[in-house]
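Asks: Residues -15 to 135 in this note's numbering are what the sequence shown spells out, letter by letter. C-beta atoms are modelled at their ideal positions from N, C-alpha and C, and glycine is treated no differently. These numbers come from a predicted model, not from an experiment. Sharing a structure here in structure tokens format.
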Amino acid sequence: MRRWSAERLLARIRSDARGSAALEFLGLGVLLLVPLAYGALALAQLEQALLATELAARNGARVLVAGGDDAERLAEEHLHWALADHGLDPAAAVVDVRCAPTPDCAVAGDALTMTVRVEVPLPFVPGAAEWLVVPVESSATFPRDRYRSGV
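Now the structure itself:
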């Protein structure tokens, strides 16, 4: 039977581990980088949807408060283009318009609130797009002009 000295044993261990550090670094790097990149992509998509709903709610409420003959049509166009420009389906958006204190916004000084809701699917999950969604909602409130005639 051979006897191993401590120096010989350490030398053999060192020679056997040669090149494994690079392999461990690459393996661990991939295991950490892929979820990190996916998380960044998902957060970017959610932020894009948040900006789109905020833009749609703010511009739509502003147009409705300004009034005019075609205010509703213009508000719908603002909603459509704000969502479509950010890659969201305008038909899937849920829009809620409310006035306070009167429900029809006929009184000067009433506050009009427009809320836009969309559901954002997570990226690269095609089969589970129906149930793996994140709801995004934005609201904007604008007062009717107190001194405007013919409200």
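1. For residue 80, which of helix, strand or coil comes out of DSSP?
2. Just the Cα atoms here: how many angstroms apart are residue 42 and residue 13?
3. For residue 136, name the three-state secondary structure that DSSP assigns.
4. Thinking just about the alpha-carbon of each residue, which of 8, 126 and 47 is nearest to the one in residue 94?
5. Take residue 122 as the anchor and find which of 22, 80 and 116 has the nearest alpha-carbon.
6. In chain order, which continuous runs of the alpha helix (DSSP H) of length 4 or greater are located wholly inside the segment 18 to 89?
7. Less than 8 Å separating the beta-carbons of residue 57 and residue 96?
Replies: Walking through what the data contain:
1. Three-state DSSP puts residue 80 in a strand.
2. In a straight line, the C-alpha of residue 42 is about 43 Å away from that of residue 13.
3. Outside the displayed range of the chain (-15 to 135) lies residue 136, so it cannot be described from this structure.
4. 126
5. 80
6. 55 to 69
7. no
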